[in-house]
Amino acid sequence: MSFAGGVKSLLLHHQRDQDSSGWSCETLVCPDAVCYNSSRRRDGFCMNGRQTFTPSEAAVVSGIPVRAVQKAIDDGPLVRGRKSGARVLTEPDLFYLATIKGFDPRLVKLTGKAKDELRRSILACWQKTGARSMSFAGLVVDFRAIAAQVRASLSKLERARRMVVRDPEIRGGDPVIRGTRIPVYLISDMLDQGAGEEEILSGYPTLKRENLDLARIYSRAYPRRGRPPKHPWHANEAAA
C-alpha cells in the first residue's frame, strides 16, 4: 500500500488495546525509529531550520488545510509554534506536516503521544547527514520524496511572493501582479468562482498561465483581511 507525499510503504501491525507507544487501538505499534543513510554526504534535502512560516504559509506548502495546521499548533506536536503571542512554524515542521498528509486517516489514527514521537523522529532524521528514509511503526518514509515536494512548494511560494507588488501609487497599495495593475486577489476570486483559465487569459492578455497558479497560491498563503468584496468580479474591472 502506498501513500502520496513520500510514504513508500505501510506495514500494519494491529493490536486491540492502546499500548504505551501512544498509537490508538487498531492502528500501529510504535517501535524505535531508525534512520537509514545512503552516503556520508547530505543529499540536498536538509533545509534551513531558522526560517519561519505562518500557519497559512505552512498549509500551502504542506498541502493540508490551515485548520489542521492550527490544530497541530494548539494541541498537537507543533505546540512550540506558539511563541510570544505569534504563531510560527519552522521548516522541520513543514516536513512533519507533509509527512502526515500521506497517512490515510481510515487506516492510521495517531494519538497525541504518537504524533509527538513521530515529530521527534522526523526531526532527528531530518538533521542526520545522508538520511534518506526512516522506519517508524512499520512505515518506511522516503524523506527524499517528501523533501522534493516541500522544496517544490516553497519554490512556488517564493515565486508567488516575487510576482506580487505593493505600491501606494498603484491601486492604493493593493497587491497587484508585477508589471500590471491587476489585483492578485481578483484573479484568485475569479478562479474560485469558476472562471476558466482561458477565459481569464483572454480578458487579461498580459497574464500568463503561471500567473494564475501563483495568484491562487499567494491568496491562500496571505489571505486578505476583512470581508471579501460584495460585488462580483467583471472581466473589465482591471486593465493590464
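Those letters in the sequence shown? Residues 217 to 456, by this note's numbering. Just so it is clear, CB atoms sit at the ideal spot from N, CA and C, and this is done for glycine as well. Only a predicted model underlies this, so the values are computations on that prediction, with no experimental measurement involved.
Asked                                                                                                             : Found
Three CB pairs or more closer than 8 Å across the region 364-373 and the region 324-334                           : no
Start-to-end residues for the alpha helix (DSSP H) that takes in valine 357                                       : From DSSP, valine 357 is part of no alpha helix (DSSP H) but of the beta strand (DSSP E) over 355-358.
Reference arginine 335; option with closest CA among Asp309, Leu423, Val392 and Asp320                            : Asp309
Pick from Glu426, Leu402, Pro391 and Val277 that is closest to valine 366, judged by C-alpha positions            : Val277
Assumed close pair proline 293, tyrosine 312 - CB separation to whole angstroms, cut-off 8 Å                      : 7 Å
Residue environment, aspartate 405, which counts as buried when at least 16 other CB atoms sit within 10 Å        : buried
Opening and closing residue of the alpha helix (DSSP H) in which valine 295 lies                                  : Segment: none, valine 295 is in no alpha helix (DSSP H) and carries neither H nor E.
Outcome for serine 337 when other beta-carbon atoms lying within 10 angstroms are tallied against a minimum of 16 : buried
Burial state of aspartate 358, where buried means 16 or more other Cβ atoms lie within 10 Å                       : buried
DSSP three-state assignment for arginine 367, whether helix, strand or coil                                       : helix
Reduced DSSP category for threonine 268 - H, G, I as helix; E, B as strand; rest coil                             : strand
Exposure label - threonine 306; buried when at least 16 CB within 10 Å                                            : buried
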